[in-house]
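Each residue of the sequence shown is one higher than the one before, starting from 89 at the first, in the working numbering.
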Amino acid sequence: MDSLRLILLLVGIVVIAGIYLWGHLQGRTRPLKRTSPPRPPATDNPDTEAIERELARMQETLSARAEPSAAPADVAPVATPATAKPADIEDLVVISVVSGSEQPFPGEALARAFANNKLTFGDKHIFHRIDRQGGRDVSVFGVANLFKPGDFGDGDLEGFETAGITLFLELPAPIDGLQAFDDFVQTAERLAVELGGQLQDRSHCVVTHQALMQKRELLARSRLRIPLPA
């Protein structure tokens with residue numbers, strides 16, 4: 089009986105040892121199975137909260153950089169009425185045409201130049217750019233004698249002479265401000281060419297076309313309320 093138990097015990101030990109060895113050998117020859125980290129479930133919905141946060145951040149950045157009074161590129165600017173006073177521009181724009189030599193402008197040359205530029209003698213004994221508004225004639229700008237008393241007498245320029253004439257444009261004008269300014273500048277430049285004179289400002293400094301265009305840009309920006317670049 090004891091011999092049988094001993095035999096069964098030895099057989100059990102051999103079986104267990106065989107199972108252990110078999111399992112050990114199978115574990116060495118079988119490749120290890122690697123597990124990848126779990127992936128988040130796929131979805132077609134974007135992270136709307138993150139997008140809204142990014143858009144809000146970009147909007148704040150753009151708002152901080154943009155000039156607050158600049159007109160958007162896709163919005164047509166609204167022109168102010170002709171009667172509105174533009175800001176940052178003189179109420180009275182003055183350009184003189186002065187003789188570049190010691191010889192004054194003869195009356196005959198003045199009369200011819202005034203007629204060529206459709207300037208009409210009238211109120212205050214000076215010449216005017218006349219425009220028809222509301223069934224009546226209005227003066228857009230005037231042309232006076234540079235020297236006292238500043239007028240052209242009775243308008244008959246035969247025998248008259250002067251070393252300079254002055255054009256003056258008061259803003260706001262009875263017509264569109266830019267239209268009035270362009271006509272004013274073009275007339276002054278044509279008179280200077282026809283009379284052989286030079287353009288001067290109130291300080292008697294020579295005025296260039298570039299300087300006049302800078303005044304025009306200032307007027308345009310004032311009408312659209314756009315600040316000047318720093």
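All residues carry an ideal CB built from backbone N, CA and C; glycine is no exception.
These numbers were taken from a predicted model, which means no experiment stands behind them.
Taking 8 Å as the threshold (C-beta atoms), are residue j and residue i in contact?
i: F202; j: F229; result: no
i: E249; j: F193; result: yes
i: F272; j: R304; result: no
i: L307; j: L266; result: yes
i: D179; j: E282; result: no
Since residue i and residue j are thought to touch, with beta carbons under 8 Å apart, how far apart are those beta carbons, to the nearest angstrom?
i: I218; j: D225; result: 5 Å
i: S184; j: T254; result: 5 Å
i: V362; j: Q288; result: No answer is possible for residue 362: the residues shown for the chain start at 89 and end at 318.
Looking only at its own chain, which residues have a Cβ that is under 7 Å from the Cβ of residue i, when we skip the five neighbours before and after it?
i: R278; result: N205
i: N233; result: D239, F240, T250, I253
i: G195; result: L245, E246, G247, F248, E249
i: A197; result: L283
So, is residue i buried or exposed, given that buried needs 16 or more other C-beta atoms within 10 angstroms?
i: H216; result: buried
i: L98; result: exposed
i: G241; result: exposed
i: G222; result: exposed
i: S189; result: exposed
i: G285; result: buried
i: S319; result: The structure shown does not extend to residue 319, since the chain is modelled only from 89 through 318, so no value can be given for it.
i: A299; result: exposed
i: V294; result: exposed
Could you have a look at residue i and say whether DSSP puts it in helix, strand or coil?
i: D225; result: strand
i: T208; result: strand
i: I253; result: strand
i: E319; result: Limits of the chain in this structure are 89 at one end and 318 at the other, which puts residue 319 out of reach.
i: R278; result: helix
i: I104; result: helix
i: F248; result: coil
i: A299; result: helix
i: H213; result: helix
i: A232; result: strand
i: G188; result: coil
i: R290; result: coil
i: I263; result: coil
i: D271; result: helix
Tell me which residues share the same chain as residue i and place their Cβ nearer than 6 Å to its Cβ, disregarding the 5 neighbours each side in the sequence.
i: F209; result: F215, G243
Indicate whether at least one CB of chain B lies closer than 8 Å to the CB of residue i.
i: V295; result: This model lacks chain B altogether, as it is built from one protein chain only.
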